[in-house]
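The structure appears right after this line, and notes come after that.
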Amino acid sequence: EPEVTQTPSHQVTQMGQEVILRCVPISNHLYFYWYRQILGQKVEFLVSFYNNEISEKSEIFDDQFSVERPDGSNFTLKIRSTKLEDSAMYFCASGGGGGRNQPQHFGDGTRLSIL
Amino acid sequence: AQSVTQLDSQVPVFEEAPVELRCNYSSSVSVYLFWYVQYPNQGLQLLLKYLSGSTLVKGINGFEAEFNKSQTSFHLRKPSVHISDTAEYFCAVLNTGFQKLVFGTGTRLLVSP
Chain A
1 EPEVTQTPSH QVTQMGQEVI LRCVPISNHL YFYWYRQILG QKVEFLVSFY NNEISEKSEI
61 FDDQFSVERP DGSNFTLKIR STKLEDSAMY FCASGGGGGR NQPQHFGDGT RLSIL
Chain B
116 AQSVTQLDSQ VPVFEEAPVE LRCNYSSSVS VYLFWYVQYP NQGLQLLLKY LSGSTLVKGI
176 NGFEAEFNKS QTSFHLRKPS VHISDTAEYF CAVLNTGFQK LVFGTGTRLL VSP
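In structure tokens form, the structure reads like this:
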């Protein structure tokens with residue numbers, strides 16, 4: 001069964017550095033998402049991406065964050081000038097072409113640790 | 116705004132016993148409902164979904180859930196649990212007008228022998 005893959009599984013970065021989290025969505029999916037889960041808290045929506053542009057973003061997704069689909073297969077989340085509070089598990093998800101209500105399939109996540 | 120409430124943060128149960136994990140949602144418009152499971156150090160796996168039609172939906176691993184619009188609930192049930200069902204379970208709602216999933220805080224199911 002096709003799946004969403006995320007790399008790396010764990011990223012350790014110094015505060016203030018830039019980090020790029022990578023995702024390969026399921027190949028025929030059209031909708032792409034990033035969520036994050038701070039340790040012990042609920043999973044929170046960050047951003048959705050469709051037709052090569054952001055379709056919705058949360059208040060968490062400020063100018064520090066950006067997303068890109070550089071080559072038609074990868075979907076990346078960039079965090080500029082990381083802060084301690086950016087430490088979390090980041091999940092990528094993709095959804096099918098049957099419409100926005102189709103289930104979102106999640107990757108195994110990237111654990112981001114900011115030191 | 117939508118919200119999802121999972122009242123039980125942890126549910127301990129013995130193997131082969133039945134279990135119900137509760138989920139209530141609030142939304143002013145029609146919603147789609149999902150249950151996801153997260154095993155340790157893994158991502159979120161879709162257990163089941165309610166989009167329309169029959170209010171009783173069956174998912175993987177013997178789980179089922181019933182959509183109750185009047186009570187705004189979508190409780191997850193399994194008649195007989197296994198040790199391997201030990202995991203975190205998340206209820207989520209998708210507003211028909213938006214794309215983002217809104218998750219509950221999760222319920223940790225602990226199955227012991």
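Protein chains in written order, with the working numbering: chain A, 1 to 115; chain B, 116 to 228. Heads up, the beta-carbon is just placed ideally off N, CA and C, and yes, glycines get one too.
Cβ of Q214 of chain B within 8 Å of any chain A Cβ: yes
What did DSSP end up calling E59 of chain A once you bin it into helix, strand or coil? coil
Span of the beta strand (DSSP E) around E85 of chain A: E85 of chain A -> no beta strand (DSSP E), and no H or E assigned at all.
Using a cut-off of 7 Å between C-beta atoms, extract the partners of L162 of chain B located in chain A. Within chain A, no residue comes near L162 of chain B; the closest Cβ sits about 10 Å away, beyond 7 Å.
Does any CB atom of chain A fall closer than 8 Å to the CB of T170 of chain B? no
Bridge partners for A207 of chain B per DSSP, in chain order? B:F149 and B:F218
Below 8 Å on the Cβ atoms is my contact criterion, and I expect L225 of chain B with Q125 of chain B to pass it. Report the Cβ-Cβ distance as a whole number of Å. 7 Å
Opposite K193 of chain B in the DSSP bridges: which residues? B:V134
Under 8 Å, Cβ to Cβ, is there at least one residue of chain B near F45 of chain A? yes
Between the segment 51 to 74 of chain A and chain B, which residues of the former have a C-beta closer than 8 Å to a C-beta of the latter? S55, E56 and S58
Kindly indicate if chain B contains any beta-carbon less than 8 Å away from that of F91 of chain A. yes
Under 8 Å between C-beta atoms, does Q117 of chain B make it to chain A? no
Let me know the secondary structure DSSP gives I20 of chain A once reduced to three states. strand
Quick check: is the beta carbon of H105 of chain A nearer than 8 Å to any beta carbon in chain B? yes
Using the three-state DSSP reduction, which class does N139 of chain B fall into: helix, strand or coil? strand
So, does the segment 157 to 171 of chain B touch the segment 129 to 144 of chain B, judging by three or more C-beta pairs under 8 Å? no
Using the DSSP secondary-structure output, state which residues sit across from F106 of chain A in a beta bridge. A:A93
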